[in-house]
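Visitor: Once you've had a glance at the structure underneath, I'll fire off some questions.
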Amino acid sequence: MSAVPALAVESLSFAYGKKRALDQVGFQVAAGQCAILLGPNGAGKTTLFSLITHLYDSREGRIRIAGHDIKSRPCPALAALGVVFQQQTLDLDLSVMQNLRYHAALHGIGDGEARRRIQAELERFGMYERAGEKVRQLNGGHRRRVEIARALLHRPRLLLLDEPTVGLDVPSRKAIVEHVHALTRSGDMAVLWATHLIDEIHPDDRLIVLHAGRIRAQGSVNEVLERAGATDVAGAFEQLTARKEAA
Amino acid sequence: MSLPHYLRALKGVMGRELLRFLHQRERFISALVRPLLWLFIFAAGFRSTLGVAIIPPYETYILYEVYITPGLLGMVQLFNGMQSSLSMVYDREMGSMKTLLVSPLPRWFLLTCKLLAGVLVSVVQAYVFLLIAFFHGIEAPLEGYLTVLPALILSGLMLGALGLLLSSFIKQLENFAGVMNFVIFPMFFLSTALYPLWKVQESSEALYHLSRFNPFTHAVELIRFALYGQFNLSACLVTAGTTVLFLTLAVLGYNPSKGMMARKGGPGA
């Protein structure tokens, strides 16, 4: 496994005008690790993702993806990054294949190689049979699978998932949670998964609890439970996100 | 990031835009119906009212329909530029613009790809319009159909860059009605698309000067001259200069630290 962390965030702060959305946020995600960014709605998760994906820039703090600074070297940093946004970002009027080919082209993957990778990723998610269908014809769970397959096409070092299971039924949610955890076990790709649903956490995940723009706790599930003085993640989450200005 | 990477990305963005355009038949039809209404109805009604003297590039008296054809080509491209802008604001609201912006390529290049894709679509529309106009009896010299191509590309670039610039400032789709009223209509009516400058000057010196400084006037004149196999240097320089200005401002507008993206007030933008 690589010694360079897949993601390193240092002293990151961001404000929308006078409203502070992130305050001195710092954490790392190592290669092959699945980190769960846990926080209630409005905690700052999506802002953090917008900064990691370089949709926004912050004057305070630093973000490095696979060792590349997102501000000074955005292209290699973004090349190492796969993203599934909270909002669905597939083109509904194009087929699954056309959507994935578009992504492959943006990442400079040639036609033949793109075909091979698309087939492999869609097969992994059980979606290859539906490659010719328009995205509009797919249900929410299948669209999410296609988006994850798309985010993996260029073989990123870090996969970002911003609440990817919101609005999905229980079996679809479960399938996606299992798929993503299987991904980190099978290679050295790291995952940063933002969620407010505690049942998506596996025992060996790393937890980062974000609340009101600040990190309230981080570490293994056991470390976070200890810090919060709770016996389960639900209790710890409640404890850590109830204390608004503490920590 | 290598040259083949840039070329593949350009091909990918252009291919996607063309596919989307082909899937949206209503967009294609409405893009054609608008100028054709002006050509078939408006121009027929005004034919006897608006006499046009012999002015370059024309060498003889011409029908009003012939005069407004280059202006309507400009209109096709003006509306296409605004349509691209509208679809970019929509893409941003729906999230698919993010897919483009998180690609590992410089933002100026990604926006230029988007711009070129829009130009490709607008040139296709312009030629279909010219074909229908041809069967309606409005014939340009044969070589004009070839020489007009670079002019259409340049004017398409300018109007597409304007669309990009507007999309970087417009926060929501609802604000687009304002664009129609404050950008499209003034640009179109304060230009040589429907009447020559000397006609405007006869009525109002102020409107004449506004029209003279309107970059759309120069885009229309560039197309008009090119359609008759002639090159209008000043129109070309103004159109090219305005393209560079609009595109630079648009790239700044989409810059994550300097532009409007960071000021839109929330992560959903």
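Each protein sequence line maps, in turn, to chains A and B. Numbering follows my numbering, with no gaps: position 196 of the first sequence is 203. Numbering follows my numbering, with no gaps: position 184 of the second sequence is 251. All C-beta atoms in this analysis are idealised placements derived from N, C-alpha and C, irrespective of residue type, glycine included.
Which ranges does the alpha helix (DSSP H) cover as unbroken runs of at least 4 residues, wholly within the stretch 150-195 of chain B, from first to last along the chain?
Guide: With a minimum length of 4 residues, the continuous alpha helix (DSSP H) runs that stay inside the stretch 150-195 of chain B are 163-168.
Visitor: Can the beta-carbon of A249(A) be found less than 8 Å from the beta-carbon of A243(A)?
Guide: Here the question's residue 249(A) lines up with position 242 in the first sequence. Here the question's residue 243(A) lines up with position 236 in the first sequence. No, these two residues do not count as a Cβ contact at 8 Å.
Visitor: Would the beta-carbon of I215(A) fall within 8 Å of that of I222(A)?
Guide: Position 208 of the first sequence holds residue 215(A). Position 215 of the first sequence holds residue 222(A). Yes. Within cutoff.
Visitor: Do T96(A) and S163(B) count as a contact pair if the criterion is CB distance below 8 Å?
Guide: The residue given as residue 163(B) occupies position 96 in the second sequence. The residue given as residue 96(A) occupies position 89 in the first sequence. Their beta carbons are under 8 Å apart, which means S163(B) touches T96(A) by this criterion.
Visitor: Measuring CA to CA, which of R291(B), N281(B), F298(B) is closest to T310(B)?
Guide: Position 243 of the second sequence, counted from the start, is the residue given in the question as residue 310(B). For T310(B), the nearest C-alpha among the options comes from N281(B).
Visitor: Evaluate the contact criterion for the stretch 231-241 of chain B versus the stretch 296-308 of chain B: three or more CB pairs, one atom per stretch, below 8 Å.
Guide: Contact fails: fewer than three Cβ-Cβ distances are below 8 Å.
Visitor: What are the partner residues of V216(A), as DSSP defines its beta bridges?
Guide: For the purposes of this step, residue 216(A) is taken as the residue at position 209 of the first sequence. According to DSSP, which records beta bridges pairwise, V216(A) is partnered with L45(A), A224(A).
Visitor: Going along the chain, which residues of its own chain have a beta-carbon closer than 7 Å to the beta-carbon of A317(B), five neighbours each way excluded?
Guide: Within the second sequence, the letter at position 250 stands for residue 317(B). Cβ within range, chain order: L178, A228, L231, L232, S235.
Visitor: Got a sec: is the Cβ-Cβ distance from Q105(A) to anything in chain B below 8 Å?
Guide: One-based indexing of the first sequence puts residue 105(A) at position 98. Judged by the 8 Å Cβ criterion, Q105(A) is in contact with chain B.
Visitor: Pull up the distance between the alpha-carbon of V153(A) and that of S271(B), whole angstroms please.
Guide: Walking along the first sequence from the start, residue 153(A) turns up at place 146. Walking along the second sequence from the start, residue 271(B) turns up at place 204. Roughly 60 Å separates the two Cα atoms.
Visitor: Cβ closer than 8 Å: which chain B residues qualify as neighbours of L101(A)?
Guide: Translated into positions along the first sequence, residue 101(A) becomes position 94. Per Cβ cutoff of 8 Å: R83, L86, R87, H90.
Visitor: From the DSSP output, in three-state form, read off Y131(B) for me.
Guide: As a first step, residue 131(B) must be located in the second sequence, where it is residue number 64. Helix at Y131(B).
Visitor: Quick one: is P253(B) near chain A, going by C-beta distance under 8 Å?
Guide: Within the second sequence, residue 253(B) is the residue found at index 186, counting from 1. False, the Cβ-Cβ gap to chain A never drops below 8 Å.
Visitor: For the alpha helix (DSSP H) that contains R164(A), what are its first and last residues?
Guide: Start at 1 with the first residue of the first sequence, and residue 164(A) comes out as number 157. Neither: R164(A) is in no alpha helix (DSSP H) and is coded neither H nor E.
Visitor: Between R75(B) and chain A, is the shortest Cβ-Cβ distance under 8 Å, so that the two count as touching?
Guide: As a working mapping, residue 75(B) is identified with position 8 in the second sequence. At least one chain A Cβ lies under 8 Å of R75(B).
Visitor: Tell whether a beta-carbon distance below 8 Å holds between G147(A) and S179(A).
Guide: What you label residue 147(A) is simply residue 140 of the first sequence in a count that begins at 1. What you label residue 179(A) is simply residue 172 of the first sequence in a count that begins at 1. For G147(A) and S179(A), yes; Cβs fall inside 8 Å.
Visitor: For T191(A), collect the residues of the same chain with a Cβ closer than 8 Å to its Cβ; drop the 5 residues on either side in sequence, then sort them by chain order.
Guide: Walking along the first sequence from the start, residue 191(A) turns up at place 184. Cβ within range, chain order: G39, Q40, C41, A197, V198.
Visitor: Provide the residue span of the alpha helix (DSSP H) that contains Y212(B), from first to last.
Guide: Position 145 of the second sequence, counting from 1, holds the residue named residue 212(B). Where Y212(B) is concerned, the enclosing alpha helix (DSSP H) stretches over 211-236.
Visitor: What does the Cβ neighbour count give for A253(A), buried or exposed, with the cut at 16 atoms within 10 Å?
Guide: The sequence position of residue 253(A) within the first sequence is 246, counting from 1. Reliability fails at A253(A), whose pLDDT of 44 lies under 50, so the model's placement of it is uncertain and no value is given.
Visitor: Give the straight-line distance between the Cα atoms of G332(B) and H218(A), rounded to the nearest whole angstrom.
Guide: To locate residue 332(B), count along the second sequence from 1; it is residue 265. To locate residue 218(A), count along the first sequence from 1; it is residue 211. Here the model assigns G332(B) a pLDDT of 46, short of 50, so the residue's position is not dependable and the matter cannot be decided.
Visitor: Rank G68(A), L175(A), S57(A) by C-alpha distance to the C-alpha of L18(A) and give the top, closest one.
Guide: The residue you call residue 18(A) lines up with position 11 of the first sequence. Reading the sequence as shown, one finds Ser at residue 18(A) and not Leu. The option with the nearest alpha carbon to S18(A) is G68(A).
Visitor: Between the C-alpha atoms of R27(A) and G74(A), what's the straight-line distance to the nearest angstrom?
Guide: Taking the first sequence and counting its residues from 1, the one referred to as residue 27(A) is at position 20. Taking the first sequence and counting its residues from 1, the one referred to as residue 74(A) is at position 67. C-alpha separation (whole angstroms): 27 Å.
Visitor: Beta-carbon separation of V91(A) and A13(A) under 8 Å?
Guide: In the first sequence, counting from the first residue as 1, residue 91(A) sits at position 84. In the first sequence, counting from the first residue as 1, residue 13(A) sits at position 6. For V91(A) and A13(A), no; Cβs fall outside 8 Å.
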